[in-house]
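What follows is one structure encoded as structure tokens, with my remarks underneath.
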Amino acid sequence: MKLILLGPPGAGKGTVAANVEALGRCHHISTGDLFRQHLRNDTPLGREVRSYMEAGELVPDELTVRLVEARIVQEDGSIEDFVLDGFPRTIPQAEALDELLGRHGTEIAAVILLQVSDEEIVNRLSSRVVCTGCGEVYNLNSKPPQVAGVCDSCGGRLDRRADDSEATVRQRLEGYHRQTEPLIDYYGSRDLLLPVDSSGAPAKTQAKVAQALMELIASRPDLAHS
Ligand code: AMP
Numbered sequence: 038m039k040l041i042l043l044g045p046p047g048a049g050k051g052t053v054a055a056n057v058e059a060l061g062r063c064h065h066i067s068t069g070d071l072f073r074q075h076l077r078n079d080t081p082l083g084r085e086v087r088s089y090m091e092a093g094e095l096v097p098d099e100l101t102v103r104l105v106e107a108r109i110v111q112e113d114g115s116i117e118d119f120v121l122d123g124f125p126r127t128i129p130q131a132e133a134l135d136e137l138l139g140r141h142g143t144e145i146a147a148v149i150l151l152q153v154s155d156e157e158i159v160n161r162l163s164s165r166v167v168c169t170g171c172g173e174v175y176n177l178n179s180k181p182p183q184v185a186g187v188c189d190s191c192g193g194r195l196d197r198r199a200d201d202s203e204a205t206v207r208q209r210l211e212g213y214h215r216q217t218e219p220l221i222d223y224y225g226s227r228d229l230l231l232p233v234d235s236s237g238a239p240a241k242t243q244a245k246v247a248q249a250l251m252e253l254i255a256s257r258p259d260l261a262h263s
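Mapping of the sequence shown onto the numbering used here: position 37 corresponds to residue 74, and the numbering continues sequentially without gaps.
Below, the structure is given as structure tokens:
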């Protein structure tokens with residue numbers, strides 16, 4: 038199945054996507070993680086996108102679409118099943134994705150829309166820390182590590198993301214409302230949206246997403262094998 042996760046920064050897209058991947062249906066592809074990998078490895082693309090990312094601004098569409106195309110098109114020209122986390126974030130990106138999938142004879146099955154208020158997002162992200170080794174995400178209030186500053190999973194160092202300061206988070210939220218929210222109508226008009234309230238604990242959100250996907254497959258059995 039080819040799925041998109043839509044929602045503001047901090048809505049829990051990464052956690053939900055990892056869970057959907059674990060259900061065995063598709064690969065979790067996060068454009069933010071792919072870009073951060075380029076930053077860490079100091080690649081030419083990483084050097085090109087650093088200033089946008091540190092300012093909490095979107096990377097230009099053309100660079101982002103190229104990154105996604107290189108990741109999802111296999112050597113044999115087919116497209117693997119995926120759950121996209123953080124892409125598309127603009128109408129031109131959504132159109133480019135439709136065009137790319139159409140060229141390969143496939144399409145999006147559903148768009149999971151995670152819904153949460155701006156104030157909850159600001160609270161969440163101001164207490165978020167991430168493992169610099171394996172990428173595991175913690176929240177100092179709701180999911181603290183066992184030892185302060187150290188990842189439970191791999192022992193790596195925990196750090197704040199450079200773009201999680203309150204001012205940058207507010208800027209990312211403003212960008213979400215302006216540039217990404219139009220996608221709700223874009224996909225809604227094609228009846229692809231699965232809205233899920235993600236204001237509660239991560240486990241609750243995950244259960245709701247799993248339920249929504251089960252209902253989707255029950256209503257469209259063809260998707261179970263697509
Ligand atoms: P994320 O981890 O999804 O919050 O992404 C972190 C940063 O990566 C964003 O603030 C953007 O600078 C960049 N980025 C990730 N995905 C996209 C996208 N689809 N379009 C443009 N920029 C992106």
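Using N, Cα and C, we set each Cβ at its ideal position, and we do this for glycine too.
- Message: Between the alpha carbons of Met211 and Gly47, how many angstroms are there, rounded?
- Response: In the sequence shown, the residue the question calls residue 211 occupies position 174. In the sequence shown, the residue the question calls residue 47 occupies position 10. Correcting the residue identity first, residue 211 is Glu in this sequence and not Met. Computed Cα separation, rounded: 13 angstroms.
- Message: Quick check: Ile149 and Leu43, are their CB atoms within less than 8 angstroms of each other?
- Response: Here residue 149 refers to the residue found at position 112 when the sequence shown is read from its first residue. Here residue 43 refers to the residue found at position 6 when the sequence shown is read from its first residue. Cβ atoms of Ile149 and Leu43: closer than 8 angstroms.
- Determine which residues share a DSSP beta bridge with Asn176 and list them. Stepping through the sequence shown from its first residue, residue 176 is reached at position 139. Partner(s): Arg165, Lys180.
- Please go through the same chain and pick out, in chain order, the residues whose beta-carbon is closer than 6 angstroms to the beta-carbon of Gly186, but skip the five residues on each side of it. Here residue 186 refers to the residue found at position 149 of the sequence shown. Closer than 6 angstroms at Cβ, skipping near neighbours: Leu195.
- Message: Measuring alpha carbon to alpha carbon, tell me which residue in Glu85, Lys39, Ser256, Ala249 is nearest Gly142.
- Response: As a position in the sequence shown, residue 142 is number 105, starting the count at 1. The candidate whose alpha carbon is nearest that of Gly142 is Lys39.
- Task: List the residues that DSSP assigns as beta-bridge partners of Arg77.
- Result: Position 40 of the sequence shown, counting from 1, holds the residue named residue 77. Checking the DSSP bridge columns, you'll see Arg77 has no partner listed.
- Item | Integer-rounded CB distance, given that Val174 should sit under 8 angstroms from Arg165 | Taking the first residue of the sequence shown as 1, we reach residue 165 at position 128. Taking the first residue of the sequence shown as 1, we reach residue 174 at position 137. Contact between Arg165 and Val174 holds: CB atoms are separated by about 6 angstroms, below the 8 angstroms threshold.
- Item | For His65, the three-state DSSP class (helix, strand or coil) | To locate residue 65, count along the sequence shown from 1; it is residue 28. DSSP places His65 in strand when its eight states are reduced to three.
- Message: Closest to Phe124 by C-alpha separation, out of Ser115, Thr52, Ala255, Ser67, would be which residue?
- Response: Locating residue 124 in the sequence shown gives position 87, counting from the first residue. The residue among Ser115, Thr52, Ala255, Ser67 with its C-alpha nearest the C-alpha of Phe124 is Ser67.
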